[in-house]
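Asker: If you scroll down you'll find the structure; I have some questions about it.
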Amino acid sequence: MVQNGATMGGTPALNPTRSLLQAVTFLTTKCNTYKCSALFQRPKRELVTSLIIDVTKANIVKVWSEDGAGKVVEIPADMTARDVCQLLVYKSHCVDDNAWTLVEHHPNLGLERCLEDHELVVQVQASMSSDSKFLFRKNYAKYEFFRNPLNFFPEHMVTWCHDSDGSIPQAQLLQNFLNSSSCPEIQGFLYVKEPGRKSWKKLYMLLRRSGLYYSSKGTSKEPRHLQLLSDLEDSNIFTIITGRKLHNAPTDYQFCIKPNKVRSDCKELKMLCAEDEQSRTCWMTAFRLLKFGIVLYHNYNVPQQRKSTNSSFSRSVSENSLVAMDFSGRTGRVIDNPVEAQSAALEEGQTWRKRTHRMNVLGSPSPLHPSSLMIHKTQVWFHGRIMREEAHRMIIQQGQVDGLFLVRDSQSNPKAFVLTLCHHQKIKHFQILPCEEDGQVFFSLDDGATKFTDLIHLVDFYQLNRGVLPCKLKHPCTAVAL
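Shown next, in the form of structure tokens:
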């Protein structure tokens, strides 16, 4: 074990008290100086492949959208997944919110994963079978662990936490993942599918930079009891999308480690199953961090730097930048008291309703008019008559972050709608019911306490105010047509 101030491979270990930014700057400087840091070293065969690539040669890549439409793009061999996403955003006239990603999809194996932004698309395509394909999809959770790392790594799963009584600064936790000379060790029980059989065995597992291990004797960590299940260097981690019945899985929280050389042979897949979503997310996130290290932070930081550069020309609409305001006086003021903010939110809802009533009196379309009842169909967050299970699938695919939402038709009440919302990695459903007052139809989430003339006003309101919801509406779950 390397102590603070010790060295490994000529690179000084980080002082745990440094900030995350200082740590990243230090590591990046060393990597640029020596050009051979272990953080950026690739397998030899990958380096050879990179050397023989003709970057001037155009390559054909087909990308599919959620609705089954495909788009063929011609790209050079050195084009990264981020570059291809930027190209598709431009061609499809999408909103560029840095949440788009390319998904490596294997229907025969029932696996998929989001490509890392730095990966070369042509290289990944060369390793895929003929039935596999790329999907263009949003994933709001790709870098969420950089913003809220403590939510992704429960104390009982990170052994480094035990040495510090669980009091870890966020930056220090990430430093240990990013620094090659010191990193946390993920531990816990996982179900492992036995090769060639449908039975699963519960084993105590350890995830280290050198690979994923299981203990042959209970929870022992002695070297003689640890067996290597899979390395990280020549493998990638995938989500299993076929459901638990196909593999007789003990829970719904399946994932898989796939060696890069495997195209269609299921026997070499390392199929795993966690007890819950939080532990599965922890294992999969730690795998990515230990495999790619500082490169992931660079991927995360690129759009952040671009955003700060353009900050004077654009306005952020993130949850943190939206606050309750009081404009009743001569000048506006920020409402800091949460009780007062809640009261103001209810008053605002009543004001919108009165404003709409005045407009109807003056001759504007009433809430009963078809245009008012159907206008939500043009919104990216509305998905029509999809089933509850399909709504779950879409939320999971686009990253279970707080505030991810969609609106759909109710299956039980033809006149109502359902708001599907993610909060704390759990998916919840709220009925939007029609209510009538003075001959006018409104929509409400809170039994008529706050009413809206249409769903667009309702969604706009709850993007600014939490109201009866567990969190504000933040990220619309969308599907783009290529």
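Residues in the sequence shown are numbered consecutively from 1, following UniProt numbering.
Built from N, CA and C at the ideal position, the CB exists for glycine as well.
Beta carbon of residue 112, beta carbon of residue 239: below 9 angstroms?
Answerer: If you number the sequence shown from 1, residue 112 lands on position 112. If you number the sequence shown from 1, residue 239 lands on position 239. It is a contact, given that the beta carbons lie within the stated cut-off.
Asker: Starting from the C-beta of residue 208, find all residues in its chain whose C-beta is less than 7 angstroms away, skip the five residues before and the five after it, and write them out in chain order.
Answerer: Numbered from its first residue, the sequence shown carries residue 208 at position 208. Closer than 7 angstroms at Cβ, skipping near neighbours: 185.
Asker: Look at the alpha carbon of residue 92 and the alpha carbon of residue 223, and state the distance between them as a whole number of angstroms.
Answerer: For the purposes of this step, residue 92 is taken as residue 92 along the sequence shown, with counting starting at 1. For the purposes of this step, residue 223 is taken as residue 223 along the sequence shown, with counting starting at 1. The straight-line gap from Cα to Cα measures roughly 53 angstroms.
Asker: Quick check on the burial criterion: 16 or more other C-beta atoms within 10 angstroms. Buried or exposed for residue 257?
Answerer: Residue mapping note: residue 257 aligns to position 257 of the sequence shown, counting from 1. Buried, because 16 or more other Cβ atoms sit within 10 Å of the Cβ of residue 257.
Asker: With DSSP collapsed to three states, give me the class of residue 200.
Answerer: Reading the sequence shown from its first residue, position 200 is the one you call residue 200. In this structure, residue 200 counts as strand in the three-state DSSP scheme.
Asker: Counting only runs that start and end within the UniProt domain "SH2" (381-477), where is the alpha helix (DSSP H) found for 4 or more residues in a row?
Answerer: The qualifying runs are 388-397 and 455-464.
Asker: Thinking C-alpha only, which one of 201, 478 and 444 is nearest residue 379?
Answerer: Within the sequence shown, the letter at position 379 stands for residue 379. Nearest C-alpha to residue 379: 478.
Asker: For a test of the three-state rule: what should DSSP assign to residue 358, helix, strand or coil?
Answerer: The residue given as residue 358 occupies position 358 in the sequence shown. Only weak support exists for where residue 358 lies, its pLDDT of 41 falling under 50; the coordinates are left without a value.
Asker: Taking the beta carbon of residue 254 as the centre, do at least 16 other beta carbons fall within 10 Å, making it buried, or is it exposed?
Answerer: Your numbering for residue 254 matches position 254 in the sequence shown. So residue 254 counts as buried.
Asker: Taking the alpha carbon of residue 538 as the reference point, which residue from 215, 104 and 272 has its own alpha carbon closest?
Answerer: With the chain covering only 1 through 482, there is no way to say anything about residue 538.
Asker: In chain order, which continuous runs of the alpha helix (DSSP H) of length 4 or greater are located wholly inside the UniProt domain "Ras-associating" (57-141)?
Answerer: The qualifying runs are 81-92 and 121-126.
Asker: Could you round the C-beta distance between residue 483 and residue 103 to whole angstroms and report it? I think they count as a contact, below 8 angstroms.
Answerer: Absent from the structure is residue 483, since the part of the chain shown begins at 1 and ends at 482.
Asker: What does the alpha-carbon distance come out to for the pair residue 133 and residue 393?
Answerer: For this step, residue 133 is matched to residue 133 along the sequence shown. For this step, residue 393 is matched to residue 393 along the sequence shown. C-alpha separation (whole angstroms): 19 angstroms.
Asker: Taking C-alpha atoms, which residue in 292, 410, 421 and 415 lies nearest to residue 398?
Answerer: Taking the first residue of the sequence shown as 1, we reach residue 398 at position 398. Residue 398 has its Cα closest to that of 421, out of 292, 410, 421 and 415.
Asker: Does DSSP classify residue 240 as helix, strand or coil?
Answerer: One-based indexing of the sequence shown puts residue 240 at position 240. If DSSP states are grouped into helix, strand and coil, residue 240 belongs with the strands.
Asker: Quick one: Cα of residue 507 to Cα of residue 122, how far?
Answerer: Any question about residue 507 goes unanswered here, given that the chain covers just 1 to 482.
Asker: Could you pull out every residue in the same chain whose Cβ sits closer than 6 angstroms to the Cβ of residue 191, ignoring the five residues on either side in sequence?
Answerer: Walking along the sequence shown from the start, residue 191 turns up at place 191. Here the set comprises 200, 202, 250 and 273.
Asker: With H, G and I counted as helix, E and B as strand and the rest as coil, what does DSSP make of residue 143?
Answerer: For this step, residue 143 is matched to residue 143 along the sequence shown. The answer is coil: DSSP assigns residue 143 none of H, G, I, E or B.
Asker: With C-beta atoms as the reference, is residue 468 less than 9 angstroms away from residue 381?
Answerer: The residue labelled residue 468 in the question sits at position 468 within the sequence shown. The residue labelled residue 381 in the question sits at position 381 within the sequence shown. Not a contact, by the Cβ cut-off of 9 angstroms.
Asker: Check residue 280 in the structure and name its three-state DSSP category.
Answerer: As a working note, residue 280 is residue 280 in the sequence shown. Three-state result, residue 280: helix.
Asker: Give every residue of the same chain whose Cβ lies closer than 6 angstroms to the Cβ of residue 357, excluding the five residues on either side of it in the sequence, and list them in chain order.
Answerer: Numbered from 1 along the sequence shown, position 357 holds the residue referred to as residue 357. Below a pLDDT of 50, predicted positions are generally treated as unreliable, and residue 357, at 44, falls in that range; the measurement from the model is reported next regardless. Nothing meets the Cβ criterion.
Asker: Drop a sphere of 10 angstroms on the beta-carbon of residue 147, count the other beta-carbons inside from all chains shown, and report buried for 16 or more, exposed for fewer.
Answerer: Counted from its first residue, the sequence shown places residue 147 at position 147. Residue 147 comes out exposed.
Asker: Quick one: residues in its chain with C-beta nearer than 7 angstroms to the C-beta of residue 225, no 5 flanking neighbours on either side, listed in chain order?
Answerer: For the purposes of this step, residue 225 is taken as the residue at position 225 of the sequence shown. Closer than 7 angstroms at the Cβ level, and outside the excluded window around residue 225, lie 215, 216 and 217.
Asker: If you drop the 5 nearest sequence neighbours on each side, which residues of the same chain put their C-beta closer than 8 angstroms to that of residue 408?
Answerer: Translated into positions along the sequence shown, residue 408 becomes position 408. Correct list, in chain order: 382, 383, 384, 385, 386, 391, 417, 418 and 420.
Asker: Over what stretch of residues does the beta strand (DSSP E) that includes residue 157 continue unbroken?
Answerer: Here residue 157 refers to the residue found at position 157 of the sequence shown. Unbroken run through residue 157: none, as it is neither H nor E.
Asker: Could you tell me the alpha carbon to alpha carbon distance between residue 178 and residue 436, rounded to whole angstroms?
Answerer: Taking the first residue of the sequence shown as 1, we reach residue 178 at position 178. Taking the first residue of the sequence shown as 1, we reach residue 436 at position 436. Approximately 57 angstroms, taken between the alpha carbons.
Asker: Going by DSSP in three states, residue 259 sits in which element: helix, strand or coil?
Answerer: Position 259 of the sequence shown, counting from 1, holds the residue named residue 259. If DSSP states are grouped into helix, strand and coil, residue 259 belongs with the strands.
Asker: Work out the CA separation of residue 269 and residue 231 for me, nearest whole Å.
Answerer: As a first step, residue 231 must be located in the sequence shown, where it is residue number 231. As a first step, residue 269 must be located in the sequence shown, where it is residue number 269. About 12 angstroms.
Asker: Can you give me the C-alpha to C-alpha distance between residue 233 and residue 454, rounded to a whole angstrom?
Answerer: Residue numbering aside, residue 233 sits at position 233 when the sequence shown is read from its first letter. Residue numbering aside, residue 454 sits at position 454 when the sequence shown is read from its first letter. Cα to Cα, residue 233 sits roughly 52 angstroms from residue 454.
Asker: Considering only residues of the same chain and omitting the five flanking positions on each side of residue 196, which have a CB-CB separation below 7 angstroms?
Answerer: As a working mapping, residue 196 is identified with position 196 in the sequence shown. Excluding positions up to five away in sequence, the list reads 267.
Asker: Less than 8 angstroms between the CB atoms is what I'm expecting for residue 59 and residue 77, so what's the real figure, rounded?
Answerer: The residue labelled residue 59 in the question sits at position 59 within the sequence shown. The residue labelled residue 77 in the question sits at position 77 within the sequence shown. Confirmed, Cβ separation roughly 6 angstroms.
Asker: Please tell me whether residue 188 and residue 279 are closer than 9 angstroms, where the distance is taken between their beta carbons.
Answerer: Taking the sequence shown and counting its residues from 1, one reaches residue 188 at position 188. Taking the sequence shown and counting its residues from 1, one reaches residue 279 at position 279. Yes. Within cutoff.
Asker: So, are the CB atoms of residue 106 and residue 129 less than 9 angstroms apart?
Answerer: On the sequence shown, residue 106 is found 106 positions in, with the first residue counted as 1. On the sequence shown, residue 129 is found 129 positions in, with the first residue counted as 1. Cβ atoms of residue 106 and residue 129: closer than 9 angstroms.
Asker: For residue 267, name the three-state secondary structure that DSSP assigns.
Answerer: For the purposes of this step, residue 267 is identified with residue 267 of the sequence shown, where counting begins at 1. Here residue 267 sits in helix by DSSP.
Asker: Residue 153: which of 140, 265 and 176 sits nearest, CA to CA?
Answerer: Indexing the sequence shown from 1 puts residue 153 at position 153. Minimum Cα distance to residue 153 is reached at 176.
Asker: Under the assumption that residue 303 contacts residue 98 (Cβ atoms under 8 angstroms), give the Cβ distance between them as a whole number of angstroms.
Answerer: As a working mapping, residue 303 is identified with position 303 in the sequence shown. As a working mapping, residue 98 is identified with position 98 in the sequence shown. Between residue 98 and residue 303 the Cβ distance is about 4 angstroms, and since that is below 8 angstroms, they are a contact.
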